[in-house]
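J.: Quick one: the structure is below, questions incoming.
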């Protein structure tokens, strides 16, 4: 579920950036970060 959700969010981000003529800016910003928290672990089933 997490992989699918991440892929959907990434695709949505790319579409928004394309419409705003800002392709790659967010990806470039994220790639420069030293530390990134992905708060999707709550969706993982541990049982």
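Residue numbers (my numbering): -10 to 36.
From the three backbone atoms N, C-alpha and C, an ideal C-beta is built for every residue, glycine too.
Note down the Cα distance separating residue 109 from residue 5, rounded to an integer number of angstroms.
T.: The question about residue 109 has no answer, for the chain in this structure spans -10 to 36.
J.: Quick one: what's got a C-beta closer than 8 Å to residue 17's C-beta in the same chain, skipping five residues either side?
T.: Excluding positions up to five away in sequence, the list is empty.
J.: Answer with yes or no whether the minimum CB distance from residue 4 to chain C is below 7 Å.
T.: Of the protein chains in the structure, only one exists, and it is not chain C.
J.: Is DSSP giving residue 13 helix, strand or coil here?
T.: DSSP places residue 13 in coil when its eight states are reduced to three.
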